[in-house]
Amino acid sequence: MTAPLVVTRARRRRAFGSPSGYLSVALLLLFALTAVFGPMLVDKPRGLGADILQSPSAQHWFGTDDLGQDVFAQVIWGTRISMAVGVAASLIAIVIGTALGLLGAYVKRLDPFISTLVDVMLSLPLLPLMILVTALVGASATSLIVVIGLLSWAEVARLIRSNGMVVASMPYIDGAKVLGAGPLRIIGTELLPAVSPLIVVSVLLTAARAVISEAGLSFLGMGDPSSWSWGRILLNAQRSGVIATAWWQTLFPSLAILLLVLSATIAGIRYNDSRDPRTRGV
Amino acid sequence: MLSYVAKKVARAVITIWMAVTITFFLLRILPADPTLLVVEGDMTPEMQAALREQYGLDKPLLVQYGLYLGELLRGNLGVSFRQLVPVLDILLSRLPWTLLLAGSAFALTVLIGIPLGVYAAVGRGKLVDKVVQFLGVTSNALFVPSVAILLLVVFGAQLGWFPIGGAIDPRTRGAEAYASLLHHLALPLLSLALVQVGPYALTLRTNMLEVLGEDYIKSARSRGFTPRRTVWRHALRNAILPALTLMGLQLGTLIGGAVLTETIFAYPGVGRLIYEAVQQLDYPLLQGAFVLLAITVVAANLITDMVALALNPRIRS
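Each protein sequence line maps, in turn, to chains U and G. Going by the working numbering, the first sequence opens with residue 1, and the numbers climb by one from there. Going by the working numbering, the second sequence opens with residue 283, and the numbers climb by one from there.
Shown next as structure tokens:
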């Protein structure tokens with residue numbers, strides 16, 4: 001059912017043997033490098049005064065906004081915040097989701113509570129809830145990470161729980177129980193390694209969702225006002241009323257969001273498919 | 283069948299209770315004292331005490347919680363800080379627009395998603411399948427404001443085919459008013475449907491593939507039904523049910539998308555209201571909006587489950 005985490009040559013070929021596989025990984029790497037090194041190479045966007053609302057040119061690759069700030073610089077600086085929030089929030093969600101999912105899969109008495117909680121979280125409108133919580137704790141990058149992380153684990157828990165249940169019913173788990181292993185030990189040393197490939201997939205897919213959530217909250221003005229993010233560039237365009245005219249101010253951050261989310265999603269799907277060549281997608 | 287209905291209703295009640303409880307404790311725990319948020323400027327200790335008593339804040343937390351639940355059951359969601367009007371009144375005046383937008387997006391998603399999923403499954407591995415899969419994954423990766431802005435710029439501002447904001451032209455009457463309503467609805471609706479249709483088509487495709495491999499499909503074919511009839515009459519019926527459940531689960535995302543797209547198109551629904559409330563830090567309004575949207579989503583989810591029950595005799599046993 002679940003292949004080990006070690007990536008064999010055949011699996012690597014299945015995962016990256018098509019353009020969509022290596023393109024998505026290459027794009028993810030490019031985004032990661034931009035997030036780390038971009039702000040060192042590109043000046044922080046500042047109001048320059050003269051060149052306001054200019055369309056893309058050799059001088060301003062992505063044009064300028066209504067304050068004369070370079071949109072290319074905003075997108076580069078935004079990469080760092082958008083990725084940092086996405087990755088950090090997804091890690092919080094993964095830890096909570098995996099823990100609850102495995103507990104639900106192995107500890108029968110806890111399962112009704114956990115599966116009800118998961119169902120409830122999945123059916124609530126999360127964006128309005130995130131808006132409410134962020135408004136209460138105050139807008140900052142840290143609160144975005146915590147709020148998104150604490151509210152995005154349900155999908156992970158559901159996935160890990162259903163797969164953990166398959167593993168938990170296997171004979172070798174009973175064997176471990178007979179040998180005297182306690183529930184926590186079985187969960188930690190037997191179930192966790194067995195579902196670890198799914199955790200890798202979940203990290204990628206959850207991070208993709210988290211990037212979308214971050215962009216949505218920043219777009220509604222819940223981001224850190226002192227740092228750049230892709231959602232905030234769109235918010236600035238909305239606030240200054242240039243959405244219908246300055247297409248460059250919204251197009252480039254939108255492309256950045258789409259490419260990052262798409263490459264993380266495809267990388268996740270390809271990695272998942274590489275475990276089972278029968279269910280090939282994309 | 284009764285136990286199925288009872289289970290779904292119980293789940294709906296639990297979900298709403300959780301949503302209500304979360305917001306109660308959030309508002310009591312996070313800002314130290316809600317009275318400090320109500321009125322700006324100086325307040326004498328006596329005024330504060332009077333306010334605290336009025337809001338029941340001098341009572342123990344659990345008593346407050348009981349009072350809060352009681353008020354909710356009577357439809358009291360509190361008073362807006364800024365507009366000094368009951369939150370429920372403001373929300374109910376905006377809710378129909380959001381229901382119209384989200385409801386029509388739901389319908390359009392199903393309408394486009396079904397043929398896409400069916401054709402992809404029937405032509406498995408062929409070009410049509412690959413195209414649908416690529417579009418599905420891309421649609422799932424779209425950011426609602428990005429799509430909304432693109433539609434607004436191209437079809438609103440550049441081509442001038444559709445209005446770029448609002449929900450209706452107030453000068454229109456009768457049939458003209460309905461036309462104006464649809465005209466204003468088109469772009470926000472499309473921005474939501476384009477994002478929703480991908481995951482829906484992909485799920486339907488997977489379900490169809492599963493159903494097409496089942497024995498009763500083979501027997502339908504061997505009894506001489508045409509492939510077309512087998513796919514659309516026999517297989518789709520059974521593939522559609524899990525996809526319906528998925529749509530129920532996607533309703534929360536759909537409402538989230540409505541909040542974003544309403545903001546861009548200045549559409550007068552609950553979403554636009556939330557955006558305005560965020561700018562003014564109107565906490566009771568934000569809380570009420572979340573509670574009302576949660577109830578809406580849960581109710582719609584319950585309806586989806588009941589439709590699934592009506593369509594599928596297997597659930598009944």
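Glycine is no exception: its CB is placed at the ideal position from the N, C-alpha and C atoms. Bear in mind that the values here come from a model prediction, so they are computed numbers and not experimental data.
- With 16 or more other CB atoms across the displayed protein chains lying within 10 angstroms of its CB, residue 574(G) is buried.
- The residue from 163(U), 220(U), 168(U) with its alpha-carbon nearest to that of residue 427(G) is 220(U).
- Membership of residue 108(U) in any alpha helix (DSSP H) is not indicated, and neither H nor E is assigned to it by DSSP.
- In this structure, the alpha-carbon of residue 138(U) lies about 24 Å from that of residue 75(U).
- In this structure the segment 461 to 479 of chain G touches the segment 537 to 549 of chain G; the number of beta carbon pairs closer than 8 Å is three or more.
- The beta carbon of residue 310(G) lies closer than 6 Å to none in the same chain, with the five residues before and after it left out.
- Separation of residue 154(U) and residue 96(U) (C-alpha to C-alpha, rounded to the nearest whole angstrom) is 9 Å.
- For residue 401(G), no CB of chain U lies under 8 Å from its own CB, so it is not counted at the interface with that chain.
- Here the alpha carbon of residue 184(U) sits roughly 51 Å from the alpha carbon of residue 71(U).
- Contact annotation for residue 219(U) against chain G: 427, 542 [CB-CB distance below 7 Å, chain order].
- In chain order, 590, 593, 594 place their CB closer than 7 Å to the CB of residue 523(G), counting only its own chain and leaving out the 5 sequence neighbours on each side.
- In terms of Cα proximity to residue 414(G), the closest of 407(G), 398(G), 424(G), 423(G) is 398(G).
- Out of 354(G), 387(G), 305(G), the CA that lies nearest to the CA of residue 480(G) is found in 387(G).
- The beta-carbon of residue 355(G) is placed no less than 8 Å from the nearest beta-carbon of chain U.
- Per DSSP, the continuous alpha helix (DSSP H) segment holding residue 137(U) begins and ends at 126 to 137.
- Not a single C-beta of chain G is nearer than 8 Å to the C-beta of residue 18(U).
- The C-beta of residue 253(U) has 16 or more other C-beta atoms within 10 Å across all chains shown, which makes the residue buried.
- If you draw a straight line from the Cα of residue 508(G) to the Cα of residue 529(G), it comes to about 30 Å.
- Taking 8 Å as the cut-off, the beta carbon of residue 583(G) is found no closer than this to the beta carbon of residue 229(U).
- Below the 8 Å Cβ cutoff, chain G contributes 435 as neighbours of residue 247(U), in chain order.
- Against chain U, the CB of residue 554(G) has no partner CB under 8 Å away; the residue lies outside that interface.
- Per the Cβ contact rule, the segment 245 to 260 of chain U is in contact with the segment 77 to 85 of chain U (3 or more Cβ pairs under 8 Å).
- Using a Cβ-Cβ cut-off of 9 Å, residue 222(U) is close to 560 of chain G, given in chain order.
- DSSP, read as helix, strand or coil, puts residue 245(U) in coil.
- For the pair residue 88(U) and residue 265(U), the Cα-to-Cα distance works out to about 17 Å.
- Check the Cα spacing between residue 143(U) and each of 243(U), 223(U), 60(U): the tightest is with 223(U).
- Residue pairing by DSSP places residue 368(G) opposite 361(G) in a beta bridge.
- Identification of residues in the segment 567 to 593 of chain G having a C-beta nearer than 7 Å to some C-beta of chain U yields 568, 569, 571, 572, 575, 576, 579, 580, 583, given in sequence order.
- Among the residues of chain U, none has a CB under 9 Å from the CB of residue 548(G); the nearest is roughly 10 Å distant.
- Taking the beta carbon of residue 116(U) as reference, the chain G residues within 7 Å of it are 296, listed in sequence order.
- Here residue 70(U) is bridged, per DSSP, to 64(U).
- Here the alpha carbons of residue 578(G) and residue 129(U) stand approximately 14 Å from one another.
- Annotated as distal: residue 26(U) and residue 44(U), with beta-carbon spacing of 8 Å or more.
- Taken in chain order, the members of the segment 436 to 470 of chain G whose beta-carbon sits within less than 8 Å of a beta-carbon on chain U are 438, 439, 446.
- A residue is called buried when at least 16 other Cβ atoms come within 10 angstroms of its Cβ; residue 164(U) meets this threshold and is buried.
- Remark: C-beta atoms of residue 566(G) and residue 360(G) approach each other more closely than 8 Å.
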